[in-house]
Structures are given as C-alpha cells and as structure tokens.
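S.K.: Have a look at this one before I ask anything.
In our numbering, the protein residues as written are 20 to 190.
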C-alpha cells in the first residue's frame, strides 16, 4: 500500500522572499483499513495489515518523536516485505501506543516503510483478551475489550470471470 503526504503551501509574496507557509496536511491513502492514533505522543495513522507478522513504525515517524521521548533501539531480527525483499531495519524498542481510546506499550520494529505504521498480527492476534474482531460492517475494531473506530478506504467490487471454451469470434 502506498500513502502520500500532500502539503498545501502559500508563497510569501514580499520582495526577495522564498519563504513558504504550510497551511495544511492531507494524507492520501490507498484502499485499506486505517486507525487514527499516536505513538509516543506523535499523531499517526495505523494501517491494519493482517499480512504483517510484526507491527512496524516508519523511520520517518520515529524521527518525529522528540529525542527525550524516543526509546533506545536494540538490534532486531530481519523482516521481509510483502514482496519477499528484506526490510531496511533500524532496530526495535517498546513504544507507547494509542489506538483510539486504547493505550498499549508494545515492542515495535523501526524500518524503512511507506506507511506511517503497519499494525501487525503481533497486536491484532495477541491482545490481552484474545484476537481482535475487525467489524468492517460497523467500521470498528474490537481489541482488549475496547471499540476502536476505523477508517475504510475503497470498497471491494464484485469480480466476474468469463472463460471461453474454444476460440470463437463473436460478431
């Protein structure tokens, strides 16, 4: 999945000025399920990823955490991306997460990823009260007894397959 940050900028029109003021931030998301939250107090968008074994925070978000709140990274095991290539990892540490109204302290891997945070099976499957219930019809994820609102982008479209028994031309 790809996510792009788009900033609107307005140029200061005074003579000899190259200054731009950022007037807004918009995150464009691809099809998926997202949760608004924070890590170490930094606002993030979690991408629910049932194909990810571990929860991974991007190095970009890690660098936004104030130095005084940034946990010290330890060496981590090598993870592979969805295409099988190894991720460029910086390390792992325990972070304070907020997913909606749920607060957790979990070990996350810091790596070069496009998403801000990939919410993996280590959190979705191993909650204190068992696996999370992802209720897309209600737009929520239930984790540790807490109802967390989620954002769904895109709707699955029905797929119809047509196969030809032999090569015939229809006119």
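Cβ coordinates follow ideal geometry from the N, Cα and C atoms, glycine included. All figures in this text were calculated on a predicted structure; none of them were measured in a lab.
Rounding to the nearest angstrom, what Cα-Cα distance links residue 125 and residue 105 in this structure?
M.R.: Numbered from 1 along the chain shown, position 106 holds the residue referred to as residue 125. Numbered from 1 along the chain shown, position 86 holds the residue referred to as residue 105. Between residue 125 and residue 105, the C-alpha separation is close to 22 angstroms.
S.K.: With DSSP run on the structure shown, which of helix, strand or coil describes residue 118?
M.R.: For the purposes of this step, residue 118 is taken as residue 99 along the chain shown, with counting starting at 1. Three-state DSSP puts residue 118 in a strand.
S.K.: Using three-state DSSP, classify residue 171 as helix, strand or coil.
M.R.: Translated into positions along the chain shown, residue 171 becomes position 152. Residue 171 carries a strand assignment under DSSP once its states are collapsed to helix, strand and coil.
S.K.: List the DSSP bridge partners of residue 162.
M.R.: Position 143 of the chain shown, counted from the start, is the residue given in the question as residue 162. In DSSP, residue 162 forms a bridge with 165.
S.K.: Residue 141 by DSSP, collapsed to three states: which one?
M.R.: In the chain shown, the residue the question calls residue 141 occupies position 122. Residue 141 falls in the helix class under three-state DSSP.
S.K.: So, for residue 91: in the same chain, excluding its five sequence neighbours on each side, which residues have a beta-carbon less than 8 angstroms away from its beta-carbon?
M.R.: Within the chain shown, the letter at position 72 stands for residue 91. If we look at residue 91 and ignore the five residues flanking it on each side, its Cβ neighbours are 112.
S.K.: Could you give the first and the last residue of the continuous alpha helix (DSSP H) run that contains residue 80?
M.R.: Here residue 80 is taken as the residue at index 61 of the chain shown, counted from 1. From DSSP, the alpha helix (DSSP H) with residue 80 extends over 78 to 83.
S.K.: When you compare the CB positions of residue 150 and residue 159, do they come within less than 8 angstroms of one another, or not?
M.R.: Position 131 of the chain shown, counted from the first residue, corresponds to residue 150. Position 140 of the chain shown, counted from the first residue, corresponds to residue 159. No.
S.K.: So, under 8 angstroms CB-CB, residue 67 and residue 138 are touching, yes? Tell me the CB distance rounded to an integer number of Å.
M.R.: Against the chain shown, residue 67 aligns to sequence position 48. Against the chain shown, residue 138 aligns to sequence position 119. Residue 67 to residue 138, Cβ: 5 angstroms. Contact.
S.K.: Helix or strand or just coil, what does DSSP make of residue 88?
M.R.: Taking the first residue of the chain shown as 1, we reach residue 88 at position 69. Helix.
S.K.: Here's the rule I'm using: 16 or more other beta-carbon atoms within 10 Å means buried, otherwise exposed. How should residue 93 be labelled?
M.R.: Position 74 of the chain shown, counted from the first residue, corresponds to residue 93. The residue in question, residue 93, is exposed, as its Cβ has fewer than 16 Cβ neighbours within 10 Å.
S.K.: Is the beta carbon of residue 70 closer than 8 angstroms to that of residue 116?
M.R.: Reading the chain shown from its first residue, position 97 is the one you call residue 116. Reading the chain shown from its first residue, position 51 is the one you call residue 70. The answer is no: Cβ separation not under 8 angstroms.
S.K.: DSSP three-state label for residue 134, please.
M.R.: By one-based count along the chain shown, residue 134 stands at place 115. Here residue 134 sits in coil by DSSP.
S.K.: How many angstroms separate the CA atom of residue 152 from the CA atom of residue 83?
M.R.: Taking the chain shown and counting its residues from 1, the one referred to as residue 152 is at position 133. Taking the chain shown and counting its residues from 1, the one referred to as residue 83 is at position 64. Cα to Cα, the separation comes out at about 31 angstroms.
S.K.: If you draw a straight line from the C-alpha of residue 53 to the C-alpha of residue 135, how long is it?
M.R.: Along the chain shown, one-based indexing puts residue 53 at 34. Along the chain shown, one-based indexing puts residue 135 at 116. Cα to Cα, residue 53 sits roughly 11 angstroms from residue 135.
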